[in-house]
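Participant: Just so you know, the sequences run in chain order R and V. Going by our numbering, the first residue of the first sequence is number 27, and it counts up by one from there. Going by our numbering, the first residue of the second sequence is number 515, and it counts up by one from there.
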Amino acid sequence: MASVSIKNVWKYYGETAAVKDLNLEVLNGEFLCVLGPSGCGKSSSLRMLAGLEHISSGDIHFGDRRVNDLPPKERDIAMVFENYALYPHKTVFDNIGNALKLRKVDPNTIQQKVERAAEMLEIKHLLQRKPMELSGGQKQRVAIGRAIVREPELFLFDEPIAHLDAKLRAHMRGELKILQRKLGTTMVYVTHDQMEALSMADRVAVMHEGVLQQYGTPQEIYHKPVNAWVAGFVGEPPMNFLDCELVQENDAIQLKHSTFSVSLLPEQASIINSAKLERKVQLAIRPDEIHINGKQSAESIKAEVKITEPLGGDMLVDTTVGKEKVLVKTKPDFTASMGEECFLSFDKQRWHVFSSETGLAFF
Amino acid sequence: MQTTLTNGIADGQLTNAAKLANVSEDQFRMSNGVRVIDYQPTSRHAAPSNRYYLWLILPAVIVLACITLYPFFWLIWMSFHKVDVLKGDVWNNFANWRRLLGDRSFGNGWLLLLKYSAMCMLMEVGLGVLLAVILNRSKYEKVLVTLFLMPMMMAPVVAGLVWYYLYNSTFGWYHWLMQSAGILGEKSILGDTGTAMWGIVLVDVWQWTPLIILITLAGMKRVPRDQLEASMVDGAGEWRNFFQITLPNLYPFLLIAILLRFMDNFRFIDAILVLTGGGPANSTKILPTYLFDVSFQFFKLGRGAAIALTLLFVTIILGLILVKVFESPAGKVNQEGS
Numbered sequence: 027m028a029s030v031s032i033k034n035v036w037k038y039y040g041e042t043a044a045v046k047d048l049n050l051e052v053l054n055g056e057f058l059c060v061l062g063p064s065g066c067g068k069s070s071s072l073r074m075l076a077g078l079e080h081i082s083s084g085d086i087h088f089g090d091r092r093v094n095d096l097p098p099k100e101r102d103i104a105m106v107f108e109n110y111a112l113y114p115h116k117t118v119f120d121n122i123g124n125a126l127k128l129r130k131v132d133p134n135t136i137q138q139k140v141e142r143a144a145e146m147l148e149i150k151h152l153l154q155r156k157p158m159e160l161s162g163g164q165k166q167r168v169a170i171g172r173a174i175v176r177e178p179e180l181f182l183f184d185e186p187i188a189h190l191d192a193k194l195r196a197h198m199r200g201e202l203k204i205l206q207r208k209l210g211t212t213m214v215y216v217t218h219d220q221m222e223a224l225s226m227a228d229r230v231a232v233m234h235e236g237v238l239q240q241y242g243t244p245q246e247i248y249h250k251p252v253n254a255w256v257a258g259f260v261g262e263p264p265m266n267f268l269d270c271e272l273v274q275e276n277d278a279i280q281l282k283h284s285t286f287s288v289s290l291l292p293e294q295a296s297i298i299n300s301a302k303l304e305r306k307v308q309l310a311i312r313p314d315e316i317h318i319n320g321k322q323s324a325e326s327i328k329a330e331v332k333i334t335e336p337l338g339g340d341m342l343v344d345t346t347v348g349k350e351k352v353l354v355k356t357k358p359d360f361t362a363s364m365g366e367e368c369f370l371s372f373d374k375q376r377w378h379v380f381s382s383e384t385g386l387a388f389f
Numbered sequence: 515m516q517t518t519l520t521n522g523i524a525d526g527q528l529t530n531a532a533k534l535a536n537v538s539e540d541q542f543r544m545s546n547g548v549r550v551i552d553y554q555p556t557s558r559h560a561a562p563s564n565r566y567y568l569w570l571i572l573p574a575v576i577v578l579a580c581i582t583l584y585p586f587f588w589l590i591w592m593s594f595h596k597v598d599v600l601k602g603d604v605w606n607n608f609a610n611w612r613r614l615l616g617d618r619s620f621g622n623g624w625l626l627l628l629k630y631s632a633m634c635m636l637m638e639v640g641l642g643v644l645l646a647v648i649l650n651r652s653k654y655e656k657v658l659v660t661l662f663l664m665p666m667m668m669a670p671v672v673a674g675l676v677w678y679y680l681y682n683s684t685f686g687w688y689h690w691l692m693q694s695a696g697i698l699g700e701k702s703i704l705g706d707t708g709t710a711m712w713g714i715v716l717v718d719v720w721q722w723t724p725l726i727i728l729i730t731l732a733g734m735k736r737v738p739r740d741q742l743e744a745s746m747v748d749g750a751g752e753w754r755n756f757f758q759i760t761l762p763n764l765y766p767f768l769l770i771a772i773l774l775r776f777m778d779n780f781r782f783i784d785a786i787l788v789l790t791g792g793g794p795a796n797s798t799k800i801l802p803t804y805l806f807d808v809s810f811q812f813f814k815l816g817r818g819a820a821i822a823l824t825l826l827f828v829t830i831i832l833g834l835i836l837v838k839v840f841e842s843p844a845g846k847v848n849q850e851g852s
């Protein structure tokens, strides 16, 4: 087991920079998810950790070992690939045992370790089969078995469950988390699926266009996004953004939209005060932090119901405020017909204000 | 009275309707004025009959029959007769076939053919795979492949002639080189029973290794990258990676290449006729060359036909193996993966 430290790492493919000045510290035994859309540099980062990709500049340390120039086999890592990358001509047993065999472990020990790993993953009955005869979920378990049997310092998972069906994926999320806790091995897990990142990780690193946007616990990522991009990327259904202006009125600072005006809480206003009073901002609020009501109340905002989408336990309501779309998540007993008038009130503790210029969060 | 129900009414529907009304089908038809059209699609989009297709392929069948089937059956006929162009063919009671059993040149021809093929194959596959691995890593892959393919484009007889001059013991380049290096002594390459076989093997290697390179290179492009990477992470070095991942993935490609080359070698004659004609002292008289001698030097056409049939038989078996390989799971590449 080892901690991982990534310092000022850049990755260039020709002229284009895929990873820009990445800095990350992963603690010993921690589960880190690198989250981002495709092409954000998360896979390149993982492959640099694995030693499959040359590091253009910067340093990577495992513990106090600098691994920049070590080939994969000397890094003591195990990796699970997106397409499993099983050896098609070897049996499941040989697939899992291959790394041990290459390290000249004696056959009895290999037998024991492979069987123990297979038992843990519930694939013991498949050991004599070839990968071709396995289902997607089984292949994925074999791929994980191949990684854990090594007892490496570091696990690298590259979207390992992206190709499973939704139900199995949800199941595997839980299993992977349990497995990682049980083994206690440091894990770097790359995914584009925020559900995976938020549900499994100790800490999440959100990347966008090669740049690390935010690094923190799932709660921090979800509740305190550092910029508008993270706020918009994390969360399902996505956050609502409303273009507003900050206006000083009497003692309070008001968020002035073309159709409404609401005041900030005093502690929020003090943050704005200390920063320069900026005129153009984005008000961001999650659909489940908006209350929808048929009747007007203090500081509620008039909106028009476009359509309602019952989701069983919840109800999504598409509304328009002025010309902007606002999505609201509410209880399933809410009823409204198309074009009907409704009133929205925001949970002020939970909302966020981002600078329109820089995208950075005020709070 | 209704005039029509529908054109497209199905027989079953009509029967059911009649049953419901508790009358016979005809009565139902009469009383309800149902007009059932016996619908036969006759538009130009309908599938033509088999006979139509038969007419279409007939010309090709006739041409094929003329150039392959007729000679084939004639060959079988000849192998059971003493062929005489003037007096006509005479049934000779399997004499052609019985003669083969005791024919030492025939047995020798097969042995030499196998030896020749095996030597060619080993060198071509070894060299071909090695060069493919090198080319696959080279920056100049495309240019080099084009250059490497040039020998393949040459007519075998021309290749034979070029090498004949290169081997020539008075002005041949290779002869001069080897003699200068002290390898050859006073012998000539094609004139010595010890080296003549190597001489013709080298020509084949020179001309056909590119085919193996081409097929192997195509195969190497299909070796899944993530398997190679997984193996590297598992702790394999370059060599281990090659034998553990690349080679097993190349296997079906190589098998096909080898079988193709075997089948080709079995009918090989052009360059040998030019280079050695089977000599010296029959040391390069592989079966096709012997067949050529029997049929077209001694004009024993019946015996030649029998020899040709044994060759054909073995080639067909190889062909069948080839087809099996294509259809076997091992012949299908990379079903693994996503």
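Backbone N, C-alpha and C define an ideal beta-carbon position, used for all residues, glycine too.
(1) Specify, as a first and last residue, the run of the alpha helix (DSSP H) that V/ILE835 falls within.
(2) Identify every residue that forms a DSSP beta bridge with R/ASP184.
(3) So, at 7 Å on beta carbons, what are the nonlocal neighbours of V/PRO724 in its own chain, with the 5 sequence-adjacent residues on each side left out?
(4) For chain V, check one thing: does any of its Cβ atoms lie closer than 8 Å to the Cβ of R/PHE107?
(5) Just how far apart, CA to CA, sit R/SER29 and R/ALA192?
(6) Any beta carbon of chain V sitting closer than 8 Å to that of R/ARG129?
(7) Note down, one range per segment and in chain order, each alpha helix (DSSP H) of at least 4 residues found wholly within the stretch 579-618 of chain V.
(8) Identify, in the order they occur along the chain, each residue of the same chain with its Cβ nearer than 7 Å to the Cβ of V/GLU655, setting aside the five sequence neighbours on each side.
(9) Use the C-beta contact count for R/GLN154: other C-beta atoms within 10 angstroms, 16 or more gives buried, fewer gives exposed.
(10) List, in chain order, every chain R residue whose beta-carbon is nearer than 7 Å to that of V/GLY749.
(11) List the residues of chain V whose Cβ lies closer than 9 Å to the Cβ of R/LEU78, in chain order.
(12) Rounded to whole angstroms, how far is the Cβ of V/TRP611 from the Cβ of V/HIS595, which I believe are closer than 8 Å?
(13) Report buried or exposed for R/MET221, applying the criterion of at least 16 other Cβ atoms within 10 angstroms of its Cβ.
(14) Just verifying my parser: in three-state terms, what is the DSSP assignment at V/SER745?
(15) List the residues of chain R whose Cβ lies closer than 8 Å to the Cβ of V/ILE759, in chain order.
(16) For R/ILE204, which residues from the same chain have a beta carbon less than 8 Å from its beta carbon, with the 5 sequence-adjacent residues on both sides left out?
(17) Measure the CB-CB distance between R/TYR215 and R/LYS165 and report whether it falls below 8 Å.
(18) On the three-pair Cβ rule with 8 Å, is the stretch 371-381 of chain R touching the stretch 334-354 of chain R?
(19) What are the residues that DSSP puts in a beta bridge with R/LEU342?
(20) Taking the straight line between their C-alpha atoms, what separation do you get for R/ALA324 and R/SER287?
(21) Examine chain R for any beta-carbon lying closer than 8 Å to the beta-carbon of V/PRO766, and answer yes or no.
(22) For V/ILE772 versus V/LEU626, is the C-beta distance shorter than 8 Å?
(23) I want to see whether chain R comes within less than 8 Å of V/PRO670, judged by CB atoms only; does it?
(24) V/LEU645 to V/LEU836, Cα distance in whole Å?
(25) Any beta carbon of chain V sitting closer than 8 Å to that of R/ILE103?
(26) Which chain R residues are close to V/ARG754, counting only those with a beta carbon under 9 Å from its beta carbon?
(27) Would the stretch 775-788 of chain V and the stretch 562-576 of chain V be scored as touching if the rule is three or more Cβ pairs under 8 Å?
(28) Work out the CA separation of R/ALA196 and R/GLU335 for me, nearest whole Å.
(29) Taking V/LYS735 as the reference, give the member of V/LEU832, V/LEU825, V/SER797, V/LEU761 with the closest Cα.
(30) Taking only beta-carbon positions, decide if V/PRO762 is within less than 8 Å of chain R.
(31) If I follow the unbroken alpha helix (DSSP H) through V/PHE662, where does it start and stop?
(32) Can you tell me where the beta strand (DSSP E) with R/LYS390 in it begins and where it stops?
(33) Between the stretch 83-91 of chain R and the stretch 35-51 of chain R, do three or more beta carbon pairs fall short of 8 Å?
(34) Taking three-plus beta-carbon pairs below 8 Å as touching, is the stretch 169-176 of chain R in contact with the stretch 118-125 of chain R?
(35) Measuring only the C-alpha atoms, how far is R/TYR248 from R/ASN276?
(36) For a contact defined as C-beta to C-beta under 9 Å, what are the partners of V/PRO738 on chain R?
Facilitator: In short, the structure shows the following:
(1) As a position in the second sequence, residue 835 of chain V is number 321, starting the count at 1. Element bounds for V/ILE835: 815-841.
(2) The residue given as residue 184 of chain R occupies position 158 in the first sequence. Beta-bridge pairing links R/ASP184 to R/VAL216.
(3) Taking the first residue of the second sequence as position 1, residue 724 of chain V is located at position 210. The answer, listed in chain order, is PHE662, LEU663, PRO665, MET666.
(4) For the purposes of this step, residue 107 of chain R is taken as the residue at position 81 of the first sequence. Answer yes: the Cβ-Cβ gap between R/PHE107 and chain V drops below 8 Å somewhere.
(5) Looking up residue 29 of chain R in the first sequence gives position 3. Looking up residue 192 of chain R in the first sequence gives position 166. Roughly 32 Å separates the two Cα atoms.
(6) To locate residue 129 of chain R, count along the first sequence from 1; it is residue 103. Answer yes: the Cβ-Cβ gap between R/ARG129 and chain V drops below 8 Å somewhere.
(7) 584-593, 609-615
(8) Position 141 of the second sequence holds residue 655 of chain V. Cβ within range, chain order: LEU649.
(9) The count along the first sequence starts at 1 and reaches residue 154 of chain R at position 128. Flag for R/GLN154 reads exposed.
(10) For the purposes of this step, residue 749 of chain V is taken as the residue at position 235 of the second sequence. In chain order: LYS99, ALA125, LEU128, ARG129.
(11) Stepping through the first sequence from its first residue, residue 78 of chain R is reached at position 52. Here the neighbours are GLU743, MET746, VAL747.
(12) Locating residue 611 of chain V in the second sequence gives position 97, counting from the first residue. Locating residue 595 of chain V in the second sequence gives position 81, counting from the first residue. Rounded, the Cβ-Cβ distance is 11 Å, inconsistent with contact.
(13) Along the first sequence, one-based indexing puts residue 221 of chain R at 195. With fewer than 16 other Cβ atoms within 10 Å, it is exposed.
(14) Reading the second sequence from its first residue, position 231 is the one you call residue 745 of chain V. Helix at V/SER745.
(15) Within the second sequence, numbered from 1, the residue matching residue 759 of chain V stands at position 245. Within chain R, the residues near V/ILE759 are TYR113.
(16) Sequence index remark: in the first sequence, residue 204 of chain R carries index 178 (1-based). Hits under 8 Å: none found.
(17) Start at 1 with the first residue of the first sequence, and residue 215 of chain R comes out as number 189. Start at 1 with the first residue of the first sequence, and residue 165 of chain R comes out as number 139. Taking 8 Å as the Cβ cut-off, R/TYR215 and R/LYS165 do not qualify as a contacting pair.
(18) no
(19) As a first step, residue 342 of chain R must be located in the first sequence, where it is residue number 316. Paired residue(s): R/GLU335, R/LYS355.
(20) In the first sequence, residue 324 of chain R corresponds to position 298, counting from 1. In the first sequence, residue 287 of chain R corresponds to position 261, counting from 1. Answer to the nearest angstrom: the Cα atoms are 12 Å apart.
(21) Here the question's residue 766 of chain V lines up with position 252 in the second sequence. Not closer than 8 Å to any Cβ of chain R, the Cβ of V/PRO766 fails to qualify, so no.
(22) To locate residue 772 of chain V, count along the second sequence from 1; it is residue 258. To locate residue 626 of chain V, count along the second sequence from 1; it is residue 112. Their beta carbons are not under 8 Å apart, which means V/ILE772 does not touch V/LEU626 by this criterion.
(23) Numbered from its first residue, the second sequence carries residue 670 of chain V at position 156. No, V/PRO670 does not count as interfacial toward chain R.
(24) By 1-based counting over the second sequence, the position of residue 645 of chain V is 131. By 1-based counting over the second sequence, the position of residue 836 of chain V is 322. The straight-line gap from Cα to Cα measures roughly 24 Å.
(25) Here the question's residue 103 of chain R lines up with position 77 in the first sequence. Chain V contact via Cβ: present.
(26) Taking the second sequence and counting its residues from 1, the one referred to as residue 754 of chain V is at position 240. Within 9 Å Cβ-Cβ: LEU128.
(27) no
(28) Stepping through the first sequence from its first residue, residue 335 of chain R is reached at position 309. Stepping through the first sequence from its first residue, residue 196 of chain R is reached at position 170. In a straight line, the C-alpha of R/GLU335 is about 23 Å away from that of R/ALA196.
(29) For this step, residue 735 of chain V is matched to residue 221 along the second sequence. Of the listed residues, the one whose Cα sits closest to V/LYS735 is V/LEU761.
(30) As a working note, residue 762 of chain V is residue 248 in the second sequence. It does; some Cβ of chain R falls within 8 Å.
(31) Counting from one through the second sequence, the residue named residue 662 of chain V turns up at place 148. Where V/PHE662 is concerned, the enclosing alpha helix (DSSP H) stretches over 655-667.
(32) Residue 390 of chain R is absent from the model: chain R starts at 27 and stops at 389.
(33) yes
(34) yes
(35) As a working note, residue 248 of chain R is residue 222 in the first sequence. As a working note, residue 276 of chain R is residue 250 in the first sequence. Each residue's Cα considered, the two are about 33 Å apart.
(36) By one-based count along the second sequence, residue 738 of chain V stands at place 224. Here the neighbours are ASN109, ALA111, PRO114.
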